[in-house]
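Participant:
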Amino acid sequence: MQDKIIKRLSADVSPQLLKSALHPVLQKVFSHRKVTAPDEIEYNLAKLIGFDQLKGINVAAEIIVNAIKAKQKILIVGDFDADGATSTAVSLRVLKMLGHNNVASLVPNRFDFGYGLSPELVEVACQDKPDLLITVDNGISSIEGVAAARAAGIQVVVTDHHLAGKELPNAHAIVNPNQPGCSFPSKNLAGVGVIFYVMLAVRAKLREQAYFADHLAEPNMGSVLDLVALGTVADVVPLDTNNRILVSQGLKRMQAGKACVGIQAILKIAGRDITRIVSSDLGFAIGPRLNAAGRLEDMSLGIECLVTDDANRATMIAEQLDELNRNRREIEQGMQQQAMKSLKYLEESIGQSQLPYGISLYNAEWHQGVIGILASRIKEKFNRPVIVFANDNETVIKGSARSIKGLHIRDVLDTISTQHPGMIIKFGGHAMAAGLSMKKSAFQLFEKAFNEVVKRQADKEILQGVIESDGELSGSEFSLPLAEAIRNAGPWGQGFIEPLFDGEFEVLDWRVVGEKHLKMELQAEDAEQSISAIAFNAPIERMKESDGYIRAAYRLDVNEFRNKKTAQLIVEYFEAI
Numbered sequence: 041m042q043d044k045i046i047k048r049l050s051a052d053v054s055p056q057l058l059k060s061a062l063h064p065v066l067q068k069v070f071s072h073r074k075v076t077a078p079d080e081i082e083y084n085l086a087k088l089i090g091f092d093q094l095k096g097i098n099v100a101a102e103i104i105v106n107a108i109k110a111k112q113k114i115l116i117v118g119d120f121d122a123d124g125a126t127s128t129a130v131s132l133r134v135l136k137m138l139g140h141n142n143v144a145s146l147v148p149n150r151f152d153f154g155y156g157l158s159p160e161l162v163e164v165a166c167q168d169k170p171d172l173l174i175t176v177d178n179g180i181s182s183i184e185g186v187a188a189a190r191a192a193g194i195q196v197v198v199t200d201h202h203l204a205g206k207e208l209p210n211a212h213a214i215v216n217p218n219q220p221g222c223s224f225p226s227k228n229l230a231g232v233g234v235i236f237y238v239m240l241a242v243r244a245k246l247r248e249q250a251y252f253a254d255h256l257a258e259p260n261m262g263s264v265l266d267l268v269a270l271g272t273v274a275d276v277v278p279l280d281t282n283n284r285i286l287v288s289q290g291l292k293r294m295q296a297g298k299a300c301v302g303i304q305a306i307l308k309i310a311g312r313d314i315t316r317i318v319s320s321d322l323g324f325a326i327g328p329r330l331n332a333a334g335r336l337e338d339m340s341l342g343i344e345c346l347v348t349d350d351a352n353r354a355t356m357i358a359e360q361l362d363e364l365n366r367n368r369r370e371i372e373q374g375m376q377q378q379a380m381k382s383l384k385y386l387e388e389s390i391g392q393s394q395l396p397y398g399i400s401l402y403n404a405e406w407h408q409g410v411i412g413i414l415a416s417r418i419k420e421k422f423n424r425p426v427i428v429f430a431n432d433n434e435t436v437i438k439g440s441a442r443s444i445k446g447l448h449i450r451d452v453l454d455t456i457s458t459q460h461p462g463m464i465i466k467f468g469g470h471a472m473a474a475g476l477s478m479k480k481s482a483f484q485l486f487e488k489a490f491n492e493v494v495k496r497q498a499d500k501e502i503l504q505g506v507i508e509s510d511g512e513l514s515g516s517e518f519s520l521p522l523a524e525a526i527r528n529a530g531p532w533g534q535g536f537i538e539p540l541f542d543g544e545f546e547v548l549d550w551r552v553v554g555e556k557h558l559k560m561e562l563q564a565e566d567a568e569q570s571i572s573a574i575a576f577n578a579p580i581e582r583m584k585e586s587d588g589y590i591r592a593a594y595r596l597d598v599n600e601f602r603n604k605k606t607a608q609l610i611v612e613y614f615e616a617i
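Residues 41 to 617 in our numbering are what the sequence shown spells out, letter by letter.
This is the structure in structure tokens:
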């Protein structure tokens, strides 16, 4: 574990928050997240940004409405991650609620087709003879694929949230808050959020045309908010106010037992109590199991889990997804051991301070479906942007990139592509994650270019790693009521991080559990009683060298064991003092 800087956040608490019934600790926490009034953390659906602010949405809705009324064949083309799966599921569920059953879905197998609407995937799509093709969570970079679909006489509506390149596809309509000229205030919608908004617009247009009076009852769009919440959290998009409304409302539906049977089945097999789930359960319990299908086999299995209304079928699929996730972990662990050996050799040879600014790794034996997770693990350990490559075919390799706060990884790839024309075959993504493909023969040149660009764009502080703390809790604040209050004050997530505190402790006792986790009993100087703590994937050697005293960055959480709740600390980082 690399040493990090613990930086305490500071902000004045507004008069409105001071007058509120919030616990003083939460008043401070929300102030650090630029919240100034209690109504900013009241997540009512009425506060959602209106769909009409999305560029292209009215044209897209008109096309979809016409297809519904003409009973045309609609094909949903998704992506092979949790956002793509939930986006596809929302599309299928809502269209059927709107009385349209002539609809199917197609998700590219990552090993055969790669990401997005490629011309090769259009060839497969044409076998279904669709009249309208709707992309979800992809399409903004599918220039050739959209052209191929149009040449085949298929109408194309692109719904996406990824950053647009220099050229846009020639679709009949594009809905993407990140396309040029879109004034939608929240640029952080996940793919599932975009298609949810499109379906809101479709319902509104059908309402205007008195469609529901003639055909069926107007559907409640709130019924798919469980899927919207899941895709939003699993895709790790920033939880701005608009996204927090979507996630909060989706969680409430789940807690009330109104989630689709697929989500219920996955949560059950993951050992989560659905009545108490929080946003992190979506990211750590459901997301990885869904993603395992797309990483190792075919995401159609995950989509079926989310669209079926047969509880028995959902349970069977959830068990398969759980098994795939266990297999994914085993593959990942083997790859991680290989990667860490290489990095340890590098670290010992040149020293931690001389590690590359940007780390690039390639191994011909690595599994293409797991390189993104491996990149995340290495990034967390060394606090460097990381790109991990695996073979796509004999001459082309695919890379999955993960970045650190303060470095926009897609911009880095754009810079490299501009400086070295033709090196990168294609790329796309976000600030924190991206994907690319290139010739295997270009790897060493890319490795050098990546390191040089990161060196120019990243300052030393972000490479060292800064932990932003909400301050120190007093001994009396290590309490179950405060832990419950923090848990229920979310949703927490990317861009609206769960409260993290720091302080010094005496380590009264510690032991290793599950081979790589540390279970501890910690004593703060001003606390009357000690408190239990756990550090997952902990640096055990560092604890052995601590001499009984540590400084820790931690979350105050609720531990429930045998129907008894207690406060406990989740230690994210510690160092000897």
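Idealized CB from N, CA, C, for every residue including glycine.
This structure is a prediction, so every number in the text was calculated from the model and none was measured.
Could you say which of K136, E160, L135 lies nearest to V147 if we only look at CA atoms?
Facilitator: Of the candidates K136, E160, L135, the one whose C-alpha sits nearest the C-alpha of V147 is E160.
Participant: Work out the CA separation of G179 and V611 for me, nearest whole Å.
Facilitator: As the crow flies, the alpha-carbon of V611 is around 40 Å from that of G179.
Participant: Unbroken alpha helix (DSSP H) runs of length 4 or more, entirely within the stretch 486-535: which are they?
Facilitator: 500-504, 520-528
Participant: Report, in whole angstroms, the separation of the C-beta atoms of Y594 and V547, which I expect to be a contact under 8 Å.
Facilitator: The Cβ separation is near 13 Å, so there is no contact.
Participant: Taking R417 as part of the alpha helix (DSSP H), name the residues at either end of that continuous run.
Facilitator: 411-422
Participant: Taking Cβ to Cβ, would you say M239 is nearer than 7 Å to V105?
Facilitator: No.
Participant: According to DSSP, G468 sits in a beta bridge with which residue or residues?
Facilitator: Residue pairing for G468: DSSP places it in a beta bridge opposite G475.
Participant: Could you check how far apart the C-beta atoms of G334 and D121 are, in whole angstroms? I think they sit under 8 Å.
Facilitator: 6 Å
Participant: Is S340 helix, strand or coil by DSSP?
Facilitator: S340: helix per DSSP, three-state reduction.
Participant: Using 8 Å as the Cβ pair cut-off and three pairs as the minimum, do the stretch 572-583 and the stretch 515-530 touch?
Facilitator: no
Participant: List in chain order: all unbroken beta strand (DSSP E) runs of 3+ residues lying wholly within the stretch 310-372.
Facilitator: Listed in chain order, nothing qualifies, since the stretch 310-372 has no complete beta strand (DSSP E) run of 3 or more residues.
Participant: To the nearest angstrom, report how far apart G374 and S516 are at their CA atoms.
Facilitator: 44 Å
Participant: Could you confirm whether any beta carbon from chain B is found closer than 7 Å to the beta carbon of M294?
Facilitator: Of the chains in the structure shown, none is chain B; there is only one protein chain.
Participant: So G185 and G156 are in contact, right, with Cβ under 8 Å, and what is the actual spacing, rounded?
Facilitator: 7 Å
Participant: Cβ atoms of A144 and P115: under 7 Å apart, would you say?
Facilitator: For the sequence presented, residue 115 should be read as Leu rather than Pro. Contact: yes.
Participant: When you compare only the Cα positions, how much space is there between N403 and H448?
Facilitator: 25 Å
Participant: Tell me whether the stretch 429-445 and the stretch 480-494 touch, counting them as touching only if at least three CB pairs, one residue from each stretch, are closer than 8 Å.
Facilitator: yes
Participant: Is P64 buried or exposed, if buried means 16 or more other CB atoms sit within 10 Å of its CB?
Facilitator: exposed
Participant: Short of 7 Å in beta carbon distance, which residues of its chain neighbour E102, apart from the five on each side in sequence? Order them along the chain.
Facilitator: K245
Participant: Using the Cα positions of C345 and E585, report the straight-line distance between them to the nearest angstrom.
Facilitator: It is roughly 47 Å from the alpha-carbon of C345 to the alpha-carbon of E585.
Participant: Rounded to whole angstroms, how far is the Cβ of E487 from the Cβ of S382, which I believe are closer than 8 Å?
Facilitator: With a Cβ gap of about 12 Å, E487 and S382 do not count as contacting.
Participant: If Q534 sits next to V277, beta carbons under 8 Å apart, how far is it from one beta carbon to the other, in whole angstroms?
Facilitator: 6 Å
Participant: Across the stretch 490-502 and the stretch 462-471, are there enough close Cβ pairs to call them in contact, namely three or more that are closer than 8 Å?
Facilitator: no
Participant: Please identify the residue among Y251, D275, I371 whose C-alpha is closest to the C-alpha of I108.
Facilitator: Y251
Participant: Is K55 buried or exposed, if buried means 16 or more other CB atoms sit within 10 Å of its CB?
Facilitator: It is Pro, not Lys, that sits at residue 55 in the sequence shown. Per the 10 Å Cβ criterion, exposed.
Participant: Here's a check: name, in chain order, each residue in its chain whose Cβ is nearer than 7 Å to the Cβ of A230, leaving out the five neighbours to either side.
Facilitator: D123, H201, G271, T272, D275, V277
Participant: Exposed or buried, N603, counting other C-beta atoms within 10 Å across all chains shown (16 or more means buried)?
Facilitator: Exposed, since its Cβ has fewer than 16 Cβ neighbours within 10 Å.
Participant: Below 8 Å on the Cβ atoms is my guess for I306 versus L267; work out the distance and round it to an integer in Å.
Facilitator: Incorrect: roughly 12 Å between the Cβ atoms, too far for contact.
Participant: Taking the alpha carbon of D549 as the reference point, which residue from M560, L341, I411, L513 has its own alpha carbon closest?
Facilitator: M560
Participant: Where do the ends of the alpha helix (DSSP H) carrying N283 lie?
Facilitator: N283: member of the alpha helix (DSSP H) spanning 281-295, first to last residue.
Participant: Taking only the alpha-carbon atoms, compute the straight-line gap between V287 and L265 and give it to the nearest angstrom.
Facilitator: 8 Å
Participant: Does the count of Cβ pairs from the stretch 279-299 and the stretch 313-322 closer than 8 Å reach three?
Facilitator: yes
Participant: Please go through the same chain and pick out, in chain order, the residues whose beta-carbon is closer than 7 Å to the beta-carbon of L364, but skip the five residues on each side of it.
Facilitator: Result list for L364: A332, A333, L336, E337, in chain order.
Participant: Would you list the one or two residues that DSSP bridges to Y594?
Facilitator: F541, V611
Participant: Checking 7 Å against the spacing of the C-beta atoms, do A77 and V215 come in under that value?
Facilitator: The answer is no: Cβ separation not under 7 Å.
Participant: Inspect the beta-carbon positions of G96 and A213 and report whether they are closer than 7 Å.
Facilitator: yes
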